[in-house]
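Asks: Just so we're aligned: the sequence shown equals residues -10 to 324 in the numbering used here.
The beta carbon of each residue, even a glycine, is placed where N, CA and C say it ideally should be.
Please read these numbers as outputs of a predicted model, since none were measured by experiment.
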Amino acid sequence: MFFKSKKLLAAGMLLSMMAFAAVGCGGGDKKAEAPKKDAAKIYNVGIVQIVQHEALDDSRKGFIEGMKKKGFVEGKNVKYDAQNAQGDQSNLQTIAQRFVNNKVDLICAISTPAAQTMANATKTIPIVGNAITSFETAKLVKSDKKPETNVTGASDMAPVAAQLDLGLKLKPGAKKVGLMFTSSEMNSQIQIKMAEEHLKKVGVAFEEGSVNTVNDIQEIARSLVSKGVDFIYVPTDNIIASATPALVAITNEAKIPVVAADAILLKNGATASVNIEFFQLGVISGEMAGDILLGKAKPQDMPIAFQKEFTPSINKAQAEKLGLKVPEDIAKFAK
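1. Identify the continuous beta strand (DSSP E) that holds E197 and give its terminal residues.
2. Out of S215, V263, T202, state which residue places its alpha-carbon closest to the alpha-carbon of T233.
3. How should V191 be labelled, buried or exposed, when 16 other C-beta atoms within 10 angstroms of its C-beta is the threshold for buried?
4. Determine the burial state of Q86: buried for a count of at least 16 other Cβ atoms within 10 Å of its Cβ, exposed for fewer.
5. Can you tell me whether DSSP reads Q296 as helix, strand or coil?
6. Is P288 buried or exposed, if buried means 16 or more other CB atoms sit within 10 Å of its CB?
7. Can you tell me whether E186 is buried or exposed? The criterion is at least 16 other CB atoms within 10 Å of its CB, across all chains shown.
8. Look at the Cβ atom of I221, then the Cβ atom of L213, and state whether they are nearer than 8 Å.
9. Out of curiosity, what's the CA-to-CA distance linking N66 and A286?
10. Out of curiosity, what's the CA-to-CA distance linking A127 and N119?
11. Specify, as a first and last residue, the run of the alpha helix (DSSP H) that A278 falls within.
12. Just list the alpha helix (DSSP H) runs in the region 139 to 196, keeping only unbroken ones of 4 residues or longer that don't cross its boundaries, in chain order.
13. Given a threshold of 16 other Cβ atoms within 10 Å of its Cβ, counted over all protein chains shown, does G113 qualify as buried or as exposed?
14. Short of 8 Å in beta carbon distance, which residues of its chain neighbour P136, apart from the five on each side in sequence? Order them along the chain.
15. How is P301 classed by DSSP in three states: helix, strand or coil?
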C-alpha cells in the first residue's frame, strides 16, 4: 500500500538539535497510549501526497510513526488508505472524493496542492497537513496560531536566507544567482519571493527560471547557465525534487553548484543545503493527528508547527567535482 523509499540521513544532520515550535500543540507525549475514545473502533485515515519523492515519502513515514506514538497501530486500531496523485490535479480531486465518500476519520495531506484540494472537498473531516510552506498564504487556515478551520499541521518553511548565504560562501564573489522553481507551486513562489528579497538586501543579482513540468527542467537550467549564474537555488519544490538528476546533469557540465532547500536532493547531486527534516515534521503532524482522533484537540485550535533549528549539509564529493573550496567554518558538515 505504501510507496517504498529509503530515508535519507542528511549529511551533517544533528538530530539532537532538531526542535519544533508549536504553541499549545499538545504533541509531546513520550509514551504511546492506547486510544480510550471508541476503543474498539478501527479508525480510517486517508493519506495523500501530490507526487512520489523522498521528502514526501519521509513525511508520510514520519506521520505514521507519530500516530504510533499516540497509540494508533496499523492493523490493530487504524487503517491507512495511502494515495499518490502522481503530480496530477485531477487525481487529487478523485482522491479527495474517495476519502469523503469513504467517510474517513482524518486526512493527512502531504504538500500544499494536496491540502488545498482536500480542504475544498470537506469542511468537516479533520485534515492534518505536512510539507506545506505557508498554511496562511494557501488559505488553509485563518492564522498559524489559531487555524479556525478543519486544517492544521506542520510547515516545511525553509530558512531561505541561510541557504542562500551558504551558497554565497561556497561561491565567494558570486554576482548572480539562478532561482529555479515550479510556477504552479505556491510553496515555491513564497520561497522565491523571500530569496529575491534577501539577494537584493545583500546586493547580489538573480535570474528566475520557472518550470511547468519535469520536461522543462533541463531547458530552464540551460537558460540560467547561459545567463551566467554562479549557482542555482531550488526551494522546496515537488516537481524539481522528483527529477533532480535532470537538473544536475546540466549544472555539472557548467561546473555550477545547486543549493537546495531540501537536503534530500544532495543524494541526487545537489551540492549544499540547510536542512529541513521532513521525517521529524511528519512525526509532529502524526502526533497532532493522534490527539485529534483521541478527542484531546480540535484542528481549529491547534497552532501550526514549525521547525525551529537547522544545520547545514554539504555533498563533499559533489563539491570536489565542481572544484569548490569549502570554508573551514562549514567544512565539518561536508561528507
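Replies: The short version:
1. 194 to 200
2. T202
3. exposed
4. exposed
5. strand
6. buried
7. exposed
8. yes
9. 19 Å
10. 13 Å
11. 267 to 282
12. 149 to 159, 175 to 191
13. Gly is not the amino acid found at residue 113; the sequence shown has Thr there. It is exposed - the Cβ of T113 has fewer than 16 other Cβ atoms within 10 Å.
14. F124, L129, V130, P288, Q289, D290, M291, P292, I293
15. strand
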